[in-house]
Amino acid sequence: MKSLEELEEVRQKALDSVKLRKSRAGTRIVVGMATCGIAAGARPVLLSFLDEIKKRNLGDVIVSQTGCMGTCRLEPMVEVYRPGEEKVTYVKMTADKVKRVVTEHIANGHPVIEYTIGSAE
Amino acid sequence: MTGTEANSMEDVSLHVLDIVQNSIAAEASRIVIFIQDRPEQDRLEIRICDNGKGMDPDQVKSVSDPFYTTRTTRRVGLGIPLLQASAEATGGYLKIRSEKGTGTVVQAVFHSKHIDCPPMGRMEDTMAVLICCNPDVQFHYSHIFSDRKFVLHSGEIQQKLGEISIAYPDVIMWIKDYIHSGLEEIYGGVGG
Numbered sequence: 001m002k003s004l005e006e007l008e009e010v011r012q013k014a015l016d017s018v019k020l021r022k023s024r025a026g027t028r029i030v031v032g033m034a035t036c037g038i039a040a041g042a043r044p045v046l047l048s049f050l051d052e053i054k055k056r057n058l059g060d061v062i063v064s065q066t067g068c069m070g071t072c073r074l075e076p077m078v079e080v081y082r083p084g085e086e087k088v089t090y091v092k093m094t095a096d097k098v099k100r101v102v103t104e105h106i107a108n109g110h111p112v113i114e115y116t117i118g119s120a121e
Numbered sequence: 122m123t124g125t126e127a128n129s130m131e132d133v134s135l136h137v138l139d140i141v142q143n144s145i146a147a148e149a150s151r152i153v154i155f156i157q158d159r160p161e162q163d164r165l166e167i168r169i170c171d172n173g174k175g176m177d178p179d180q181v182k183s184v185s186d187p188f189y190t191t192r193t194t195r196r197v198g199l200g201i202p203l204l205q206a207s208a209e210a211t212g213g214y215l216k217i218r219s220e221k222g223t224g225t226v227v228q229a230v231f232h233s234k235h236i237d238c239p240p241m242g243r244m245e246d247t248m249a250v251l252i253c254c255n256p257d258v259q260f261h262y263s264h265i266f267s268d269r270k271f272v273l274h275s276g277e278i279q280q281k282l283g284e285i286s287i288a289y290p291d292v293i294m295w296i297k298d299y300i301h302s303g304l305e306e307i308y309g310g311v312g313g
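Protein chains in written order, with my numbering: chain S, 1 to 121; chain D, 122 to 313.
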């Protein structure tokens with residue numbers, strides 16, 4: 001069984017990396033988490049974002065949720081907000097697509113056009 | 122691994138994630154998630170209590186209707202009717218108690234030995250997602266299997282973290298593993 005004491009280690013590590021990037025404004029990733037989103041697989045998508053962000057040590061990224069985005073058939077949907085850029089909406093997301101979005105868009109600033117709502121419509 | 126689950130509301134943990142969305146939409150600051158799994162009594166109970174806005178008796182009646190929504194906000198959608206159908210398919214039931222201004226309790230009881238009883242699924246994933254997306258909400262999660270119990274308070278964890286947010290990815294992934302190992306322990310390595 002893991003113990004709560006291990007949390008101190010996680011905290012120390014987090015403190016160190018937060019200090020490093022205090023100056024940078026953050027990216028916000030918002031996942032649709034209404035019944036439609038959850039049923040379509042929003043949970044593994046959100047966890048996959050966290051996993052990739054942790055792996056790449058991208059500490060300036062916030063993952064958050066919203067309700068129904070109104071286009072249930074395109075769920076799981078994800079919106080990415082980067083400071084000074086237009087919002088990008090990804091549709092029919094999967095854990096695999098998340099890896100590419102994190103590498104190309106979140107880390108390097110190039111949206112994955114083929115996964116966006118514009119390509120789906 | 123995440124990403125391998127089928128695309129439907131097919132386990133208890135996904136129902137819980139969905140039902141708690143109603144508490145969040147009702148602006149709850151404290152949400153109690155209680156799961157009591159007693160196979161020896163052929164009984165699985167899920168209870169979600171919140172201190173959100175609450176509903177009047179008319180609203181309570183209408184949330185079991187799949188075609189009901191408060192429309193302006195989609196506060197309560199399909200989640201309750203889906204959970205109710207799932208519980209009733211095992212001969213169980215769903216009850217809602219709510220009071221305007223006080224909060225809401227949703228209770229679902231399954232007959233756990235019934236062939237249609239959904240599996241538990243990954244409660245660690247559900248809790249990780251809930252805590253990550255709602256760092257200001259106090260989650261009080263307790264999970265009983267037979268006579269063993271696992272408890273997690275998000276408030277207690279936030280306190281230990283000090284200035285680091287509980288929503289920090291490393292922290293959330295740690296919480297997920299912590300819950301996973303805690304549940305493994307109470308289930309004694311069998312099922313879960």
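Cβ coordinates follow ideal geometry from the N, Cα and C atoms, glycine included.
Just so it is clear, the structure is predicted and the values come from calculations on it, not from any experiment.
9 angstroms Cβ cutoff met for residue i and residue j
i	j	result
D:His264	D:Asp163	no
S:Leu58	D:Cys253	no
D:Met248	D:Ile154	yes
S:Tyr81	S:Tyr115	no
D:Gly303	S:Lys2	yes
D:Val292	S:Leu7	yes
S:Pro76	S:Lys92	yes
D:Arg269	D:Ile307	yes
D:Val258	D:Arg151	yes
D:Asp171	D:Ala147	yes
Three-state secondary structure assigned by DSSP to residue i
i	result
D:Tyr262	strand
D:Thr223	coil
D:Ile167	strand
D:Ala229	strand
S:Val31	strand
D:Val141	helix
D:Asp158	strand
Contact set for residue i: own chain, Cβ-Cβ below 8 angstroms, skip 5 residues either direction
i	result
S:Ser64	Arg28, Ile29, Val30 and Val31
D:Asn255	Ile145
D:Pro239	Glu131, Asp132, Val133, His136, Ser207 and Phe231
Cβ-based neighbour list, residue i, same chain, cut-off 6 angstroms, excluding 5 preceding and 5 following
i	result
D:Thr123	Residue placement at D:Thr123 cannot be trusted, given a pLDDT of 41 that sits under 50; the coordinates are not used to answer.
D:Glu166	Gln157 and Val230
D:Ile217	Val181 and Val227
CB-CB length for residue i against residue j, believed under 8 angstroms
i	j	result
D:Met130	D:Leu203	5 angstroms
S:Val18	S:Val45	With a Cβ gap of about 25 angstroms, S:Val18 and S:Val45 do not count as contacting.
D:Leu282	S:Arg11	5 angstroms
D:Gly224	D:Gly276	With 8 angstroms as the limit, D:Gly224 and D:Gly276 do not qualify as a contact, their Cβ atoms being about 17 angstroms apart.
Where residue i meets chain A, residues with beta-carbon distance less than 9 angstroms
i	result
D:Met248	Considering every chain present, this structure includes no chain A. Its protein chains are S and D.
Select from the stretch 278-304 of chain D all residues with a C-beta closer than 8 angstroms to any C-beta belonging to chain S, and list them in chain order.
-> Cβ contacts with chain S come from Ile278, Lys281, Leu282, Gly283, Glu284, Ile285, Ala288, Tyr289, Pro290, Asp291, Val292, Ile293, Met294, Trp295, Lys297, Asp298, Tyr299, Ser302 and Gly303.
Below 8 angstroms between beta carbons is the criterion; list the residues of the stretch 85-96 of chain S that meet it against any residue of chain D, in chain order.
-> Within the stretch 85-96 of chain S, the residues whose Cβ lies closer than 8 angstroms to some Cβ of chain D are Thr94, Ala95 and Asp96, listed in chain order.
Using a Cβ-Cβ cut-off of less than 8 angstroms, list which residues of the stretch 250-267 of chain D approach chain S; keep chain order.
-> If the cut-off is 8 angstroms between Cβ atoms, the stretch 250-267 of chain D has Val250, Cys253, Cys254 and Asn255 near chain S.
Can you give me, in chain order, the residues of the stretch 1-21 of chain S that have a beta carbon less than 8 angstroms from any beta carbon in chain D?
-> For the stretch 1-21 of chain S, which is checked against every Cβ of chain D, the residues closer than 8 angstroms are Met1, Lys2, Leu4, Glu6, Leu7, Glu8, Val10, Arg11, Lys13, Ala14, Leu15 and Val18.
Any residues in the stretch 22-49 of chain S with a beta carbon nearer than 7 angstroms to a beta carbon of chain D? Which ones, in chain order?
-> If the cut-off is 7 angstroms between Cβ atoms, the stretch 22-49 of chain S has Met33, Ala34, Thr35, Ile38, Ala39, Ala40, Gly41, Arg43, Pro44, Leu46, Leu47 and Ser48 near chain D.
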